[in-house]
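For the sequence shown, our numbering gives the first residue as 1498, with consecutive numbering after it.
Glycine included, each C-beta is placed from N, C-alpha and C at the ideal position.
A quick note: this is a predicted structure, and the numbers were derived from the prediction, not measured.
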Amino acid sequence: MEGSYIVAIAAHGCSLFCIFFDREKHILSSFPPGEVDKLIFADRDTWLVIILSISLFSLLIETFFILKLILPIQFNFFSLISHTFACLISLKFVVDGHPFNHFWISFGIFNCPQLIFLVYIFVKKYFLKIKWKLC
């Protein structure tokens, strides 16, 4: 199950990486037609780079935790489904040119729950175990 989970994370990461090369379309779609301000365009481009970088970094952290921890099968299945949907939605973003605000929503729905749960398991397994041994 971890193999397919890692492949889903890789596909999600590749679709996000492809968006780096087509950022202009996503930024222009968040402006009204004919009203493009260069300063606001640069600001939105920066925000899009930030959210894509955070998303890719969280996928790397998630991959590290997958390789480090033994996870319950239910979590692996949930994450596999979640990253598959995230990959499909990212590809839809590439094709349709969605505004950059949608990437924050996608990050919150598809990356944050898994990352929070993995950090919780990691802390519970390693740091709380050490605390109990010292007492």
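Using only alpha-carbon positions, find the residue among H1523, G1510, G1605, G1500 that is nearest to D1593.
On the sequence shown, position 96 is the one that residue 1593 refers to. Residue H1523 is the option with its Cα nearest to D1593.
Rounded straight-line distance, which links the Cα of L1549 to that of W1601
By one-based count along the sequence shown, residue 1601 stands at place 104. By one-based count along the sequence shown, residue 1549 stands at place 52. If I take the Cα positions, the gap works out to 9 Å.
Looking at T1560 and A1505, is the spacing between their C-beta atoms short of 8 Å?
Within the sequence shown, residue 1505 is the residue found at index 8, counting from 1. Within the sequence shown, residue 1560 is the residue found at index 63, counting from 1. Contact flag unset, no.
State buried or exposed for Y1502, treating a residue as buried only when at least 16 other CB atoms are found within 10 Å of its CB.
Locating residue 1502 in the sequence shown gives position 5, counting from the first residue. Around the beta carbon of Y1502, a 10 Å sphere encloses 16 or more other beta carbons of the protein chains shown; the residue is thus reported as buried.
Excluding the 5 residues preceding and the 5 following V1591 in the sequence, name in chain order all residues of the same chain whose CB lies nearer than 8 Å to its CB.
Start at 1 with the first residue of the sequence shown, and residue 1591 comes out as number 94. The residues are S1512, C1515, I1516, D1519.
Does the region 1605-1615 come close enough to the region 1531-1540 to have 3 or more Cβ pairs within less than 8 Å?
The region 1605-1615, when compared against the region 1531-1540, does not touch it at the 8 Å Cβ threshold.
Per-residue burial, G1597 [other beta carbons within 10 Å of its own, 16 or more giving buried]
Here residue 1597 is taken as the residue at index 100 of the sequence shown, counted from 1. Residue 1597 is actually Phe in this sequence, not Gly. With 16 or more other Cβ atoms from the protein chains shown falling within 10 Å of its own Cβ, F1597 counts as buried.
Using the Cα positions of Y1623 and F1554, report the straight-line distance between them to the nearest angstrom.
The sequence position of residue 1623 within the sequence shown is 126, counting from 1. The sequence position of residue 1554 within the sequence shown is 57, counting from 1. Their backbone Cα atoms lie some 22 Å apart in a straight line.
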